[in-house]
Each structure stands twice: as C-alpha cells, then as structure tokens.
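Numbering (this note's numbering), first residue to last: 223 to 381. For every residue, glycine included, the Cβ atom is placed at its ideal position computed from N, Cα and C. Values in this document were obtained by computation on a predicted structure and should not be read as measured data.
The following block contains the structure:
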C-alpha cells in the first residue's frame, strides 16, 4: 500500500477538524512522500503535546510534515528527531518493543534512562496512561502513551 502523506495520521480538513494529540506515541511509521508519522495540510488546526515521534521514515519530513496554509499547528514538549522547532525535547527515547506491558493493547515502553523520562509538561499531563496507570509515577510524567512504573535510579545506585 502506498501512503503519500502521513504514515500514521493525515489531517486535511480545511479548518473542519481540530485533532489534539496528548501523550501519543508514533514509532516506525512510513510514507512514500512526506510526513512519515503525521502530515498536516489545508488549514487544519492540530495540537500535539507530550508526545513521541521516533523512527518514522519518508523521503521528505520523515516524522512530521506541516503544509499548513492558514491553520494553526502547535508542538509542545514532544520528541521529534527531525525538523524540530523550539520547545521540543532532544535525545533518544530508547523505545522498547511492541509488547504486553500490562493493560490492552500491546504498547511501546520508553526506556528508563531515555529522553522521554519525566520530560512531559505537567500542565498537559493526562491523569492516566494508555493502560490506565496513574500519572505521574515519579518526578514527572513521561512523554508518549505509557508511563514507566518500575523503580528507576538514574545514577545506578539504590537511592
């Protein structure tokens, strides 16, 4: 199947749709042209916060392509490794495999020492993750759909 814009999501609404993505994880999607994860055009209003776009592919704008003629698209506190505007988080989220991390459906868990750990803007944190696990679990909310619940010590010691 050929996908020409938005390997996961294509928003072309001429001002009609206003999708909001909070704590969304878009990993390993692809497009044959642009916007491997997300493609926005035709005056759409799109809000993306506390989200991960990682490992997506396309010849043009591998992760997100915004051809926003008159609309308003905003990205806040998200990991997007290519085409990064200001206020985005740099670094590898160290995404795990798609698997059973508790709950339904299978999920992609960010790594305990990855860039997604405790990096979400608290004003936009959802009360639970995709599995129903309360947020935050630790110093802050993780970016993406899944909150890390295992005890993590970044310094390698027990406290």
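Please check the pair residue 230 and residue 264, which I expect to be a contact at CB under 8 Å, by giving their CB distance rounded to whole angstroms. Contact flag wrong, Cβ pair sits at about 18 Å.
DSSP beta-bridge partners for residue 269? The beta-bridge partner set that DSSP reports for residue 269 consists of 242, 296.
Give the DSSP-derived three-state secondary structure of residue 344 in the structure shown. Residue state, collapsed to three classes: helix.
Please state whether DSSP places residue 289 in a helix, a strand or coil. Residue state, collapsed to three classes: strand.
So which of 341, 243, 226, 233 has the shortest CA-CA distance to residue 395? In the structure displayed, the chain extends from 223 to 381; residue 395 sits before or after that span and is not available.
DSSP has residue 247 in a bridge; who is on the other side? Paired residue(s): 274.
Minimum C-alpha distance to residue 276 - residue among 359, 333, 226, 347: Minimum Cα distance to residue 276 is reached at 333.
By alpha-carbon positions, which one of 241, 279, 268, 318 ends up nearest to residue 251? Looking from the CA of residue 251, the closest CA among 241, 279, 268, 318 belongs to 279.
Closest by C-alpha distance to residue 356, when choosing among 338, 325, 337, 336: For residue 356, the nearest C-alpha among the options comes from 325.
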